[in-house]
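The structure appears right after this line, and notes come after that.
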Amino acid sequence: MAELDLMEKIVSLCKRRGFVYQGSEIYGGLAGTWDYGPLGVALKNNIKNIWWNMFVDGRDDMYGIDAAIIMNPKAWEASGHVAGFADPMADGAMFNTMFETSVGAGEEATVAYLRPETAGGIFVNFKNIVDSFHPKLPFGIGQIGKAFRNEIAPREFIFRVRELEQMEIEYFIRPEEWEEAFEQWRGAVHAFNKAIGIPEKRVHELEVPDGERAHYSKRTIDFEFDFPFGRRELYGLAYRTDFDLSAHEKASTVELKYQDPETNEKLTPHVIEPSFGVDRTFLAVLASAYAEDEQNGEKRVYLKLKPSIAPIKAAVFPLLKNKPELVERAREIYTDLKKDIPQIMWDDNGNVGKRYRRQDEIGTPYCVTIDFDTLGETPEMLDTVTVRDRDSGEQERVAVAELSAYLQNRIRV
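Counting along the sequence shown from 1, when you hit position 205 you're at 204 in numbering that gives the first Met the number 0, and nothing is skipped either side.
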């Protein structure tokens with residue numbers, strides 16, 4: 000299929016199936032804002048949970064925070080954002096893309112900004128983490144949160160927006176260790192892509208040359224993805240040297256050094272920053288998963304999502320919705336499964352074929368059908384159900400007593 004045609008299909012599916020809606024749609028929308036529906040929230044949370052488990056909870060050298068969105072404006076002056084966070088407008092003038100707001104009322108109000116990135120909150124909390132937890136170098140601080148950029152021309156669906164969500168890490172190191180740490184995080188970025196089902200062949204590393212890097216960076220790699228509208232930046236990996244801690248120390252007059260507990264040596268740590276956009280990751284996952292084929296002579300659209308990231312892990316059907324004994328047994332099985340697998344759906348709308356198509360389109364990896372054999376019409380199949388695989392369409396009889404374990408073993412991958 001043509002790539003732009005693919006983008007239209009993804010946008011249409013997102014609206015139709017409750018992944019992403021236009022922000023403020025009943026009022027004509029607001030450019031660069033999007034609302035995530037029930038399935039979109041579930042998919043986004045799965046992405047964030049995998050990231051958090053991999054990079055924060057799964058490591059011994061990481062600390063998680065959730066910093067305030069509105070910070071003292073002096074922090075953005077120190078970091079260079081007030082002076083330099085700008086895009087050229089059509090007439091050549093520069094336009095600062097930070098959203099400006101005010102704190103307080105009347106004459107007492109002061110200018111403040113909605114944060115343009117989550118990293119600022121991490122750097123101003125460096126001293127707090129050191130004082131509270133006494134970590135040893137190297138260590139990192141991770142955060143997931145909203146950021147805001149007053150984009151002149153938001154475009155390409157959820158790729159370039161005015162309200163976005165970031166997953167960022169600042170990893171503090173000794174200056175002489177930066178190259179080794181940079182390579183370790185480079186590998187970690189690729190490992191994350193694999194974990195969420197983004198194929199390696201669609202990800203490309205771009206070494207950002209001198210003159211094009213951010214003002215704080217000594218080395219940057221952009222991880223670009225082949226989106227339907229072209230190759231664009233997905234993630235960034237930057238070596239920020241000691242720019243941020245030194246700048247905040249100077250502006251705040253608060254010492255932001257690290258003291259080695261064994262040698263008492265004081266130093267300003269350098270930083271490696273892997274930065275991930277949640278919305279762009281979401282779009283890359285959908286673009287990677289969208290597929291079309293034929294089953295039983297009919298065209299089918301499905302999302303070939305990894306089970307671990309799929310918003311719905313399994314759907315439970317009674318074969319017929321007008322047979323109380325089937326519905327009752329199916330409800331019992333559904334209720335028991337939901338205790339072990341919260342991301343599960345009940346579906347009795349339309350015939351089974353239509354239910355399969357609907358679940359395929361939202362990426363549900365397994366469909367469980369309760370039929371008359373479950374109730375003992377065929378004695379040897381009593382208390383078994385049919386489990387259908389999304390990708391192959393193959394069906395397997397599974398004992399109800401083993402169903403939860405059967406599904407849990409398969410949805411972790």
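All residues carry an ideal CB built from backbone N, CA and C; glycine is no exception.
Assigned secondary structure, residue 412 (DSSP; H/G/I helix, E/B strand, else coil): coil
Extent of the continuous beta strand (DSSP E) run through residue 164: 162-172
Alpha-carbon spacing of residue 299 relative to residue 356, whole angstroms: 7 Å
Residue 147, DSSP secondary structure in three states: strand
Neighbourhood of residue 110 by C-beta distance below 7 Å, restricted to the same chain and skipping five residues each side: 72, 99, 101
Whole-angstrom distance between residue 196 and residue 319, CA atom to CA atom: 35 Å
The segment 353-367 in contact with the segment 253-271 per 3-pair CB rule at 8 Å: no
9 Å Cβ cutoff met for residue 164 and residue 65: no
Under the three-state DSSP convention, the category residue 381 falls into: coil
First and last residue of the uninterrupted alpha helix (DSSP H) at residue 37: 37-51
Delimiting residues of the beta strand (DSSP E) encompassing residue 290: 289-294
Nearest-angstrom Cα separation, counted from residue 365 out to residue 439: Because the chain in this structure spans residues 0 to 412, residue 439 falls outside the shown range and cannot be described.
Sub-9 Å separation of residue 156 and residue 10 beta-carbons: yes
Cβ neighbour criterion (16 or more within 10 Å) applied to residue 244: buried
Alpha-carbon to alpha-carbon, residue 345 and residue 405: 18 Å
CA-to-CA distance, residue 387 to residue 372, given in whole angstroms: 16 Å
Under the three-state DSSP convention, the category residue 158 falls into: coil
Buried or exposed (CB count within 10 angstroms, at least 16 for buried), residue 183: exposed
Inside the segment 343-378 only - beta strand (DSSP E) runs reaching at least 3 residues: 343-345, 365-369
Residue 5 vs residue 286 beta-carbon contact at 9 Å: yes
First and last residue of the uninterrupted beta strand (DSSP E) at residue 271: 269-276
CA nearest to the CA of residue 379, picked from 367, 56, 397: 397
Stretch pair the segment 186-194 + the segment 103-123: three plus CB contacts closer than 8 Å: no
Bounding residues of the alpha helix (DSSP H) (the contiguous stretch that carries residue 119): 118-123
Where residue 405 sits in the DSSP three-state scheme: helix
One or two residues paired with residue 19 in a DSSP bridge: 35
Assigned exposure category for residue 200 - 16 Cβ within 10 Å defines buried: exposed
Own chain partners of residue 161 with C-beta closer than 7 Å, once the 5 adjacent residues on each side are dropped: 31, 32, 147, 148, 149, 150, 153
Cβ-based neighbour list, residue 339, same chain, cut-off 7 Å, excluding 5 preceding and 5 following: 403, 407
Sub-9 Å separation of residue 198 and residue 234 beta-carbons: no
Backbone secondary structure at residue 204 - three-state DSSP: strand
Collapsed DSSP secondary structure at residue 389 in the structure displayed: coil
Minimum C-alpha distance to residue 95 - residue among 203, 213, 81, 120: 81
DSSP bridge partner residues for residue 230 (one or two, in chain order): 225
Spatially closest choice to residue 61 from 120, 23, 44, 134, by CA coordinates: 134
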